[in-house]
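Below is one structure, written out as structure tokens, with a few remarks after it.
2 protein chains.
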Amino acid sequence: MIFEGSEKKVELVVSDHLPPLRSFGKNFWEEVVEKAEAKILSSISSEACDAYLLSESSLFVWDTYFTMITCGRTTLINAVGAFSEHVGRDNIQSLIFERKNEYFPRHQKTDFYEDARQLNKIFPGKAFRFGQADDHHLFIYHLGKDYAPSADDCTLEILMYDLQGGGKEVFACENQAVDSIREKAGVHAIFEGFKVDDFAFDPCGYSLNALNGKDYYTIHVTPEEQGSYVSFETNYNLAGGIENTLNRVLEVFQPNAFDVIVFRPKNQTWQDHAVTVAGYNKKTTVKQALQCGYDVSYTYHYKKVEDIQGAVPLEDF
Amino acid sequence: MIFEGSEKKVELVVSDHLPPLRSFGKNFWEEVVEKAEAKILSSISSEACDAYLLSESSLFVWDTYFTMITCGRTTLINAVGAFSEHVGRDNIQSLIFERKNEYFPRHQKTDFYEDARQLNKIFPGKAFRFGQADDHHLFIYHLGKDYAPSADDCTLEILMYDLQGGGKEVFACENQAVDSIREKAGVHAIFEGFKVDDFAFDPCGYSLNALNGKDYYTIHVTPEEQGSYVSFETNYNLAGGIENTLNRVLEVFQPNAFDVIVFRPKNQTWQDHAVTVAGYNKKTTVKQALQCGYDVSYTYHYKKVEDIQGAVPLEDF
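Chains as they are written, first to last, in this note's numbering: chain A, -4 to 312; chain B, -4 to 312.
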């Protein structure tokens, strides 16, 4: 079975003249999610945020901004279009659209270049590639508008590839019981005090949303043998640096390779791009200030394998 | 402009009861090439081989085997189907089909899995992935039939990414005059004594076929800014190891990363997988004996960049 784990993501901030986005209600967000060809499976709320678990990843809605992450063959770009039509594009203060290079890109309905062209018609903006074209890389499109994020508006994304050891075992297809995953993986306890909503997919896959006030973390696991993949994302506890969270997450999933993406308001003195992790080589280091108000760092790390590997037999091609 | 440099390749050996493949004539091969949605541009011959330069790469025809390499959006798999229908599948002794992971895979008409399924219907066989799914990798499908290649039946493929320095400059779009490329790049002189046929494409790209008796080398350059790529392949001079040829080719193209693929008849004592090149890190080392009679090594090397890079602005998305 082939399932694309790599995600598309949009973070969109609206003018505070609009009614709170949370007041738009579940039906409205259901329609937005449907435009992406995904479905809402469940939701939890905190005093500041509604978190929807989707058939393909997650949607977090605060009063003036939302973050939507979708994987598989979803068309996130269409959800962005439908939302902006509803609120009016002049009410959009910031829009950041991301796509990671995919495992099975030929099965995608669009590629990043097509998405960027579509966005550019509605929201003239800028597109970047973080990393080498022939290697792990991330595409970012952002609205060509100055924006000043608040000082604590930071995001950490950890994208993990080719799980090993316990990480591989816990999330393997044959072990897909939510209780067993919770207990063995410790994904509920990555941070304390969070309300958690999670789902184990049939036959494979696991998603988790967690909320605490305005803070969230989210995890999406695609354990397929042909390319296991996990994404972790949070806005929590980044004022003290990313190392503790990164190490904790890597301990759970034990990937052979991972990317780290950090967004911080510009002109802070963070050195996220300088991160290193014992046992991993760092292959790519990118740092870029974006006009939309953020400094973004992207690093790609891989486990040095000294052994000669055999080729991987493909059984169910 | 987006052009896919990464190639598909087939090497196919027929029974020696058939008439010599070269006697099938240019019209026959033209039809085979057309099935792949490519065209013959020119040809040269030696006493043992006809070499066709194609609109998308190359075809080499010897009396009992042929090698066809195509890039862009070609459908090499259909050419394989047409050929096998013509000669009868029982007359096929060995078939090896390769695909490198692509830069723009969504623009491909099939992916490797689809190609392998199609092949498997006609020629039950085996499929392998050399390298990690999330990283540089090569797919190989081969016929599930024992085959004993002759002792000198060796092939070296060097796939090069992200040209730098002189390699970048000589092949840049604005410098696409064949004479200037020949003179500056020294591609005619990689080995001595070869007859050469080459072509500079408009607006970009360069292809070269070279023949000497039964030996060949071929070069295909895709200099596009969004992902420059060069492939080099030869069956020449491999009895003395691959190092000299590899270093010579790398000197011309100066890539930021490259893959080396070596096919040798099984049970020889070569250690091609142990190759290292000064200035490059080796990330992946794969060695695999295939039932079809070859030992295959695949290694992926990249230039260690110590600097922090900026993101690459995408201008013409």
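Positions of the beta carbon are idealized from the N, C-alpha and C atoms, including for glycine.
Legend entry - Beta-carbon gap between Leu90/B and His137/B smaller than 8 Å: yes
Legend entry - Length of the line joining the Cα atoms of Lys282/B and Pro119/A: 48 Å
Inset, instruction - Look up Leu154/A in the DSSP assignment and give the residues it is bridged to. - result: Ser226/A, Asp254/A
Legend entry - CB contact below 8 Å: Asn230/A versus chain B: no
Inset, instruction - Pull out every residue of the region 275 to 295 of chain B whose Cβ sits closer than 8 Å to any Cβ of chain A, in chain order. - result: Asn276, Lys278, Thr279, Thr280, Val281, Lys282, Gln283, Val291, Tyr293
Inset, instruction - Using a cut-off of 8 Å between C-beta atoms, extract the partners of Tyr297/B located in chain A. - result: Asp130, Lys278
Legend entry - Cα-Cα separation, Arg259/A to Tyr293/A: 12 Å
Inset, instruction - Kindly examine the ligand ATP and report whether one of its heavy atoms sits closer than 7 Å to the Cβ of Tyr156/B. - result: As presented, the structure is devoid of all ligands, the ligand ATP included, so that no description of it is given.
Legend entry - Chain-ordered neighbours of Asp106/B on chain A, where CB pairs are closer than 9 Å: Phe99, Pro100, Arg101, His102
Inset, instruction - Anything in chain A within Cβ reach of Ala395/B, meaning under 9 Å, just list it in chain order. - result: In the structure as shown, chain B begins at -4 and stops at 312. Residue 395/B is therefore absent and cannot be evaluated.
Inset, instruction - Look at the Cβ atom of Leu16/A, then the Cβ atom of Thr65/A, and state whether they are nearer than 8 Å. - result: no
Legend entry - Where Ile303/B meets chain A, residues with beta-carbon distance less than 8 Å: His268, Thr280, Val281, Lys282
Legend entry - Distance between Thr62/A and Ser10/A (C-alpha atoms, nearest Å): 15 Å
Inset, instruction - Return no unless some Cβ of chain A is closer than 8 Å to the Cβ of Leu309/B. - result: yes
Legend entry - Gly120/B (DSSP reduced to helix, strand or coil): strand
Inset, instruction - Flag Asp141/A as yes if its beta-carbon sits less than 8 Å from any beta-carbon of chain B, otherwise no. - result: no
Inset, instruction - Throw me the rounded Cβ distance for the Gly0/B and Tyr98/B pair, which I believe falls under 8 Å. - result: 7 Å
Inset, instruction - State the DSSP-derived secondary structure class of Arg68/B, mapped to helix, strand or coil. - result: coil
Legend entry - Closer than 9 Å at the beta carbon, the chain A residues around Ala122/B: Pro308, Leu309, Glu310, Phe312
Inset, instruction - Determine the chain A residues that contact Arg94/B at a beta-carbon separation under 9 Å, and present them in chain order. - result: The premise fails here: Arg94/B is roughly 11 Å from chain A at the closest Cβ pair, so nothing lies under 9 Å.
Inset, instruction - Pull out every residue of the region 150 to 165 of chain A whose Cβ sits closer than 8 Å to any Cβ of chain B, in chain order. - result: Tyr156, Asp157
Legend entry - Selection of the region 110 to 121 of chain A by Cβ proximity to chain B, strictly under 8 Å: Ala111, Arg112, Asn115, Lys121
Inset, instruction - Check whether the Cβ of Gln221/B lies closer than 8 Å to any Cβ atom in chain A. - result: yes
Inset, instruction - Following the continuous alpha helix (DSSP H) through Arg177/A, name the residue where it begins and the one where it ends. - result: 173 to 180
Inset, instruction - Could you round the C-beta distance between Lys121/A and Pro308/B to whole angstroms and report it? I think they count as a contact, below 8 Å. - result: 7 Å
Inset, instruction - Go to Arg243/A, then tell me how far its alpha helix (DSSP H) extends in each direction, as first and last residue. - result: 238 to 248
Inset, instruction - State the Cα-Cα distance for the pair Val182/A and Ile176/A, rounded to the nearest angstrom. - result: 8 Å
Legend entry - Phe25/A: first and last residue of the uninterrupted beta strand (DSSP E) it sits in: One point to set straight first is that residue 25/A is Glu, not Phe, in the sequence displayed. Taken as a continuous stretch (DSSP letters only), Glu25/A belongs to no beta strand (DSSP E), being part of the alpha helix (DSSP H) at 20 to 30.
Inset, instruction - Would you tell me roughly how many angstroms separate the C-alpha atoms of Leu241/B and Tyr201/B, rounded to the nearest one? - result: 20 Å
Inset, instruction - Figure out for me which residue from Ala111/B, Gln263/B, Gly126/B, Ile35/B has the closest Cα to the Cα of Leu233/B. - result: Gln263/B
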